[in-house]
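Visitor: Under our numbering, think of the first position of the sequence shown as 11, with each following residue one higher.
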Amino acid sequence: MLVDRGRITTRVHHSTVEPLYSLIPRGLTGHTTSFFDRYFRDDDATARARSLLRRAGVRTPVAFTYGHRSGAAFAAEAAELRRQLEATGLFRVRTVPAEWKRFQKGYASGAYDAYGLGRVPDFPDPDNFTTPLVGRANALHHTYASPRVDRLISLTQRHGDRRKVAGLFREIQDEIAVYVPVLPLWQRKDYVLAAPDVAGSEHLSDGTGVWRLWRLSRM
Numbered sequence: 011m012l013v014d015r016g017r018i019t020t021r022v023h024h025s026t027v028e029p030l031y032s033l034i035p036r037g038l039t040g041h042t043t044s045f046f047d048r049y050f051r052d053d054d055a056t057a058r059a060r061s062l063l064r065r066a067g068v069r070t071p072v073a074f075t076y077g078h079r080s081g082a083a084f085a086a087e088a089a090e091l092r093r094q095l096e097a098t099g100l101f102r103v104r105t106v107p108a109e110w111k112r113f114q115k116g117y118a119s120g121a122y123d124a125y126g127l128g129r130v131p132d133f134p135d136p137d138n139f140t141t142p143l144v145g146r147a148n149a150l151h152h153t154y155a156s157p158r159v160d161r162l163i164s165l166t167q168r169h170g171d172r173r174k175v176a177g178l179f180r181e182i183q184d185e186i187a188v189y190v191p192v193l194p195l196w197q198r199k200d201y202v203l204a205a206p207d208v209a210g211s212e213h214l215s216d217g218t219g220v221w222r223l224w225r226l227s228r229m
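Put into structure tokens, the structure is as follows:
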């Protein structure tokens, strides 16, 4: 892979996050490893990318801007992405930091060729990671549009039991891994600290955002 998520999670975030290879994070119905399955075994991703760019008539290095929020962690992540991409010789990246409100206006108006943005859902449902990110009238303001993805999203919204549409969510993510309008990088880890006389803390969080307080008890 051209982007090494492992180095980002360890070098930048000191292993407080973990690599993510799909739109839907681990812990939610529909989670897959679509990007890992499609690209990880690529023996020479740089050569393949160079060939794709050459066939498309794109001269290298490809210069583009990468927008991100101001702040030490965001800047460190942007610098690591730039280092990895420029090491291939195929890209020249200019990072553009901006305070939050200015950054929001910037990506909404298309001021950046690419930008980094996190996603914190209102509630733990896989649709929170499909419709707002890659659906029609998405919240990211990118130009990707896919009638097939829109149809699959519509089908997933017909069932309250998300297990019945887990396969459809997998199809959506497999499609996104082909065209890559967005590139998942990492997801946060949950940490639970408990007093010695509290039992069940290992069951408090399952990564979905729901705290299972009913699993706690006094010893």
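For every residue, glycine included, the Cβ atom is placed at its ideal position computed from N, Cα and C.
Mapping the DSSP letters down to three states, classify S32 as helix, strand or coil.
Guide: The answer is coil: DSSP assigns S32 none of H, G, I, E or B.
Visitor: Can you tell me which of N138, A89 and T75 puts its alpha carbon nearest to the alpha carbon of Y117?
Guide: Nearest option by C-alpha distance: T75.
Visitor: On the three-state DSSP scale, how would you describe T39?
Guide: The answer is coil: DSSP assigns T39 none of H, G, I, E or B.
Visitor: Hey, out of H151, V13, D160 and T98, whose CA is closest to E181's CA?
Guide: For E181, the nearest C-alpha among the options comes from D160.
Visitor: Please work out which residues of its chain come closer than 6 Å, Cβ to Cβ, to G2, disregarding the five sequence neighbours upstream and downstream, and give them in chain order.
Guide: As shown, the chain starts at 11 and ends at 229. That puts residue 2 outside it, with no answer to give.
Visitor: Going by DSSP, name the residue or residues bridged to S215.
Guide: Beta-bridge pairing links S215 to W221.
Visitor: Can you give, in chain order, each stretch of the beta strand (DSSP E) that sits fully within the stretch 154 to 203 and has at least 3 residues?
Guide: Listed in chain order, the complete beta strand (DSSP E) runs (minimum 3 residues) inside the stretch 154 to 203 are 196 to 198.
Visitor: Can at least three beta-carbon pairs, one atom from the stretch 181 to 200 and one from the stretch 158 to 173, be found at a separation below 8 Å?
Guide: As far as the Cβ criterion goes, the stretch 181 to 200 touches the stretch 158 to 173, which means the pair count is three or higher.
Visitor: Quick one: Cα of F113 to Cα of L193, how far?
Guide: Distance between the alpha carbons of F113 and L193 is about 19 Å.
Visitor: Quick one: residues in its chain with C-beta nearer than 7 Å to the C-beta of E28, no 5 flanking neighbours on either side, listed in chain order?
Guide: Counting only Cβ-Cβ distances below 7 Å, and skipping sequence neighbours, we find T19, W196, Q197 and K199.
Visitor: Tell me whether the beta-carbon of G126 lies closer than 8 Å to the beta-carbon of E87.
Guide: Contact: yes.
Visitor: Can you name, in chain order, every residue of its own chain whose Cβ lies under 8 Å from the Cβ of A149, other than the five neighbours on each side?
Guide: Here the set comprises P142 and L143.
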